[in-house]
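K.L.:
Take this structure first; my questions come after.
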Amino acid sequence: MSERFEAVLITRDEEKKQRVSFVEMGEDELMPGDVTIAVEATTVNYKDGLAITGKAPVIRRFPMIPGVDLAGTVVRSNHPEWKEGDKVVLNGWGLGETHYGAYAGRARVSGDWLVPLPEGMSVHDAMAVGTAGYTAMLAIMALERHGITPDRGPVIVTGAAGGVGSVAIALLSRLGYHIVASTGRTAETEYLKYLGASEIISREELAGPARPLGKERWAGGIDAVGSHTLANVLSMTSYGGAVAACGLAQGMDLPATVAPFILRGVSLLGIDSVMAPKPPRLEAWQRIGTELDHARLAALTSTISFRDIPKAAEDIIAGKVRGRLVVKM
Ligand code: NDP
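Right, dumping it as structure tokens:
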């Protein structure tokens, strides 16, 4: 008999108005895939907030089960790499956008999308990291490829108290970087210092229109914010430095000049987690498993229940979520 489970379902009416409900579903209603997973933990990322609130067209097929990240146990597999009982993690690949996602007791997906749960991590830990944390590691790997080592100078992290920002700080600190954390929540100074930030600056300093070139303040950056903030970060990056851009919390625009690129040889490194090929995914997760401090991960994580997902979606878009959220199934 087909297993029954609870799911979040987003539907859209003729006037394109979205409706979010909790429904009971059966495995036979899931979309095709060669691996079925018992979802044991998930999370709420900024993108999930956009999908559930309908603030941006993240969902490209209705109805949709949202949720871009999951961790759980394989219950059935026709894929050569996976067998019943394997612990797995899935981030992106259209999950919760074009393919039924994580906010359900079961998920049926392509085995090609899965990575093994890193050794020493629980499903809860994996979702405390989630897409936000795995993206932070992809950004660090990009900076390293560009030669941005701790001896080159400070690294700025914007949106510091958010998910990408918090995990980026914890990881960079472990790797020995001097971190400048930019935040709109200076009340979180103690939290950011505990994670490993050396200096805290106000979000306001970077929020307005950027000069073509500013004082050289950092060798590298991880930017989760976009818009004027990214333009300012670039204009204050020192000669030969690099900035990894992964987010748009302030905006999708980039009101910058080419001055940092052509006068200081600064590089802008684009980070995409959704379609990232398997080798960098595996490397990122393997490194997270060994390089992320467990106490700091616990400090940046809050746990919520399945029924709290819609409220958490509103909160993350309002910039009220500190660090990362894990949804217990
Ligand atoms: P969070 O909401 O957890 O973090 C975003 C942070 O940005 C907030 O906590 C806040 O930090 C800051 N912020 C919010 N609004 C503004 C604003 N108007 N101006 C300046 N700063 C602002 O989200 P996530 O960490 O999950 O994601 C961060 C970004 O990265 C999102 O845009 C997301 O879409 C993107 N992302 C991209 C991925 C990719 O593959 N490229 C993957 C994962 C995420 P503070 O309070 O400290 O100022």
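Quick note on the working numbering: the sequence shown kicks off at 999 and runs consecutively.
Quick reminder that beta carbons are idealized off the backbone N, C-alpha and C, glycines included.
1) Pick out whichever of G1065, N1076, A1102 and E1079 has its Cα sitting closest to the Cα of G1090.
2) Tell me whether the beta-carbon of A1069 lies closer than 8 Å to the beta-carbon of E1038.
3) Rounded to the nearest angstrom, how far is the Cβ of T1096 from that of E1312, given a contact under 8 Å?
4) Measure the Cβ-Cβ separation of V1113 and L1280 and say whether it is below 8 Å.
5) Would you give the residue range spanned by the beta strand (DSSP E) that G1219 belongs to?
6) Quick one: which unbroken beta strand (DSSP E) runs of 3-plus residues sit fully inside the segment 1183 to 1268? Chain order, please.
7) Opposite H1097 in the DSSP bridges: which residues?
8) Report the residue from L1290, L1173, R1201 and G1145 whose alpha carbon sits nearest the alpha carbon of A1158.
9) Taking the alpha-carbon of S1271 as reference, which of F1003, V1319, P1210 and D1067 has the nearest alpha-carbon?
10) When burial is assigned at 16 or more other CB atoms within 10 Å of the CB, is Y1237 buried or exposed?
11) Among the candidates G1268, K1213 and R1209, whose CA atom is the shortest distance from the CA of G1224?
12) DSSP puts D1067 in a beta bridge; with which residues?
13) In or out: R1322 buried (at least 16 other Cβ within 10 Å) or exposed?
14) For P1210, which residues from the same chain have a beta carbon less than 6 Å from its beta carbon, with the 5 sequence-adjacent residues on both sides left out?
15) Just tell me which of G1287, V1325, A1126 and G1174 has its CA closest to the CA of L1298.
16) Rounding to the nearest angstrom, what Cα-Cα distance links P1277 and E1012 in this structure?
17) Which partner residues of G1024 appear in the DSSP bridge assignment?
18) Cβ-heavy atom distance between L1246 and ligand 1 below 7 Å?
P.N.:
The relevant details are as follows:
1) Looking up residue 1090 in the sequence shown gives position 92. Taking only the C-alpha atoms, the option nearest G1090 is G1065.
2) By one-based count along the sequence shown, residue 1069 stands at place 71. By one-based count along the sequence shown, residue 1038 stands at place 40. Contact flag set, yes.
3) What you label residue 1096 is simply residue 98 of the sequence shown in a count that begins at 1. What you label residue 1312 is simply residue 314 of the sequence shown in a count that begins at 1. Wrong, their Cβ atoms sit about 24 Å apart, outside the cutoff.
4) Here residue 1113 refers to the residue found at position 115 of the sequence shown. Here residue 1280 refers to the residue found at position 282 of the sequence shown. If you check the CB distance, V1113 and L1280 come in under 8 Å.
5) Counting from 1 along the sequence shown, the entry for residue 1219 is found at position 221. First-last of the beta strand (DSSP E) with G1219: W1216 to D1221.
6) 1197 to 1200, 1216 to 1221, 1235 to 1243 and 1265 to 1268
7) Position 99 of the sequence shown, counted from the first residue, corresponds to residue 1097. Paired residue(s): L1093.
8) Taking the first residue of the sequence shown as 1, we reach residue 1158 at position 160. Of the listed residues, the one whose Cα sits closest to A1158 is R1201.
9) By 1-based counting over the sequence shown, the position of residue 1271 is 273. The shortest C-alpha separation from S1271 is found at D1067.
10) In the sequence shown, counting from the first residue as 1, residue 1237 sits at position 239. Y1237 should be labelled exposed.
11) Taking the sequence shown and counting its residues from 1, the one referred to as residue 1224 is at position 226. Measuring from the Cα of G1224, the nearest candidate turns out to be G1268.
12) On the sequence shown, position 69 is the one that residue 1067 refers to. Per DSSP, N1089.
13) Within the sequence shown, the letter at position 324 stands for residue 1322. R1322 should be labelled buried.
14) Your numbering for residue 1210 matches position 212 in the sequence shown. Hits under 6 Å: T1255 and A1257.
15) Residue 1298 sits at position 300 when you count from the first residue of the sequence shown. Checking every option, the nearest Cα to that of L1298 belongs to A1126.
16) Position 279 of the sequence shown, counting from 1, holds the residue named residue 1277. Position 14 of the sequence shown, counting from 1, holds the residue named residue 1012. Spanning the two alpha carbons is a distance of roughly 42 Å.
17) Numbered from its first residue, the sequence shown carries residue 1024 at position 26. In DSSP, G1024 forms a bridge with R1002.
18) Within the sequence shown, numbered from 1, the residue matching residue 1246 stands at position 248. Yes - ligand 1 has a heavy atom lying nearer than 7 Å to the Cβ of L1246.
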